[in-house]
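Sequence positions in the sequence shown follow the numbering used here and run 20 to 447.
Here a beta-carbon is modelled for each residue, glycine too, at the ideal position from N, C-alpha and C.
Only a predicted model underlies this, so the values are computations on that prediction, with no experimental measurement involved.
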Amino acid sequence: MPATSVIGLQWGDEAKGKIVDLLTESHQIVVRYQGGNNAGHTVKFDGRTYKLSLLPTGILQSHVTSVIAPGVVVNPLALLKELDGLAAGGHECAHRLMVSDRAHVICPWHMLEEAALEKARGAAAIGTTMRGIGTCYRDKVGRSHAIRIGDLVNTDAFVAKVREIVPFKQRILNALDPDVAQMNPDQIIAEYAAAADRIRPMAADTTSYLLDALEQQKWILFEGAQGSLLDVDHGTFPYVTSSNSSGCGIHSGSGVPEREIVRMIGVAKAYTTRVGGGPFPSELDNEIGQRIRIAGNEFGTVTGRPRRCGWFDAVATRYSARISGVDSVTIALLDVLSGFDELFICEAYNINGKITQSLPSRCEDLAAAKPVLRKVQGWKEDITGITEFSLLPENAQQYCRIIEALIGKPVEFVSVGPDRSQTIRMTL
Ligand code: GDP
Ligand code: IMO
Ligand code: MG
């Protein structure tokens with residue numbers, strides 16, 4: 020079974036990093052194929068915590084080659100900063116990283132344009148991470164004023180593109196926001212050319228590399244970023260990210276055909292969180308939500324923003340599990356729910372008097388959805404040291420079984436703490 024994938028089933032931050040880290044042990048290649056440094060994946064082992072953003076989580080393990088595939092948008096300065104941060108902590112890993120020469124490059128104008136657009140959206144702001152993700156993807160799809168890693172590492176091509184693009188972008192920026200900063204092309208060229216010198220040895224045709232690796236029966240792990248509900252085509256548009264963050268992005272983003280992925284694992288929290296704007300039917304904008312936020316340390320890995328918290332939404336998660344085609348699910352952060360007398364699971368929506376178990380396509384309808392909640396008995400015990408499902412309190416087992424039945428996929432892992440060791444593995 021060479022190719023496995025890990026996909027978020029909610030609005031991101033489901034603990035994908037932890038599950039990818041667990042599975043990395045038995046894989047030789049770990050691939051990021053969409054998103055960019057908007058992601059924040061946390062891994063904890065041997066008493067240390069690591070936060071990966073643009074780099075694949077597999078980078079921490081020396082037996083692994085890490086790949087940034089064509090579908091990722093790469094900020095070269097952020098990439099090097101992250102590598103340098105790891106090197107400073109004793110993890111020298113640039114030599115085991117490959118970056119696709121097809122991947123698109125995030126440039127300073129992308130961040131400036133995003134800031135101006137978010138400001139112009141006012142109350143309807145998406146609440147993006149301000150990393151220039153959406154504006155870079157837009158230029159890629161628009162096919163003008165786009166720069167790829169292959170251009171970045173070719174000095175002449177890069178300089179010519181920056182000289183052409185900067186005046187064009189500055190005119191747009193000035194029109195969007197009269198107070199916008201004035202870009203200096205010489206400074207951009209100098210900064211990015213220095214980064215390019217370091218990235219050149221990592222730039223490669225990762226598509227051929229991955230296809231060859233599959234022929235050689237190498238074990239490949241695909242690491243999803245964001246979550247299925249943030250998918251630009253299938254998520255809660257327009258409050259989404261700009262890539263295919265559900266399972267369907269693996270093939271377009273990596274160049275590896277769908278039929279090669281033989282094992283897909285969906286990851287969901289035992290409750291729901293969301294960062295930024297957009298509808299969230301089971302949100303708890305009250306002291307219960309605050310209790311979950313504190314217990315789960317629900318503050319953004321990338322931006323530090325408090326995450327919005329709510330009950331587990333089985334309607335949205337079932338939808339994600341189906342569109343992403345997962346074989347099994349992980350229920351993460353179950354320990355955070357210890358201590359509640361009773362818990363609730365959203366099992367349907369009431370939209371203007373109509374009960375449905377489908378996720379509406381219009382975000383106005385999702386915003387009108389009232390959660391239909393099932394009450395479930397809670398448990399009091401600390402479960403953070405439990406490594407066998409049968410040793411969990413009866414009510415915690417029941418909670419997982421209800422989620423399993425509502426989603427329609429078997430539970431493969433239950434995570435009861437951030438550390439690698441705090442994981443229950445089920446036999447499927
Ligand atoms: P990702 O973006 O999906 O990789 O998730 P994040 O790393 O952004 O957020 C998940 C957070 O939960 C991180 O701080 C993890 O260390 C932490 N975490 C992961 N699994 C568990 C768990 O089972 N219990 C608790 N309490 N924390 C967990
Ligand atoms: P990981 O991989 C949670 C959210 C932002 C915003 C929307 C669009 O750690 O799960 P963007 O900057 O991508 O244009 O922002 O998507 N978002 C995430 N939320 N986890 C993430 O990544 C996210 N990446 C983007 O908060 O609402
Ligand atoms: Mg995260």
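Cβ neighbours of T148 within its own chain (closer than 6 Å, five residues either side excluded): N57, V321, T322.
For Q80, there is no enclosing alpha helix (DSSP H), since its DSSP letter is neither H nor E. Membership of K399 in any alpha helix (DSSP H) is not indicated, and neither H nor E is assigned to it by DSSP.
The Cβ atoms of P89 and R121 sit closer than 8 Å to each other. N369 sits in a strand when the DSSP states are folded into three classes.
Distance from the CA of S271 to the CA of V91, rounded to the nearest whole angstrom, comes to 11 Å. In the displayed model, I166 falls within coil according to three-state DSSP, outside both helix and strand.
Annotation for T442: the continuous beta strand (DSSP E) segment containing it runs 442-444. In the DSSP secondary-structure assignment, R310 is not bridged to any residue. Per DSSP, reduced to three states, the secondary structure at K63 is strand. Our two residues, Y418 and R326, have alpha carbons roughly 23 Å apart in a direct line.
Per the CB criterion, closer than 5 Å to any heavy atom of the ligand MG, the qualifying residues run in chain order as D32, G59, T320. Its chain contains P95, L171, V172, T174, F177 as the residues whose beta carbon lies nearer than 8 Å to that of A215, once the 5 sequence neighbours on both sides are disregarded; these appear in chain order. Remark: the shortest separation between the CB of I145 and any heavy atom of the ligand IMO falls under 7 Å.
A Cβ-Cβ contact shorter than 8 Å links I166 with K180. Pairing H114 with L79 gives a Cβ-Cβ distance that is not under 8 Å. In this structure, I26 places its C-beta atom within 8 Å of the C-beta atom of G285.
For I284, the enclosing beta strand (DSSP E) stretches over residues 280-288. Rounded to the nearest whole angstrom, the CA to CA distance from Y228 to G104 is 27 Å.
In terms of Cβ geometry, T23 and L42 form a close pair [threshold 8 Å].
Contact check for G77 against L230 fails: the beta carbons are separated by 8 Å or more. Using a cutoff of 7 Å, the CB of A232 does not count as near the ligand GDP, since none of the ligand's heavy atoms is closer than that. For a cut-off of 8 Å, the C-beta gap from L71 to V62 is around 7 Å, short enough to register as a contact. Judged by pairs of C-beta atoms under 8 Å, the segment 378-398 touches the segment 411-425, as three or more such pairs exist.
The alpha-carbon of Q29 is positioned some 42 Å away from that of D205. I402 and Q53 have their alpha carbons spaced roughly 34 Å apart.
Cβ contact annotation for R182 (same chain, cutoff 7 Å, sequence separation greater than five): P204, in chain order. For N263, the distance from the CB to the nearest heavy atom of the ligand GDP is not below 7 Å. With fewer than 16 other Cβ atoms inside 10 Å of its own Cβ, Q201 counts as exposed.
When the beta-carbon positions are compared, S264 and G246 come within less than 8 Å of each other.
The Cβ-Cβ distance between A287 and E132 does not fall below 8 Å. Exposed is the label assigned to D252, since fewer than 16 other Cβ atoms lie within 10 Å of its Cβ. Of the candidates E423, H129, A106, L352, the residue whose Cα lies closest to the Cα of R439 is L352. DSSP places S347 in the strand class (E or B) of the three-state scheme. For the pair L303 and E101, the Cα-to-Cα distance works out to about 34 Å.
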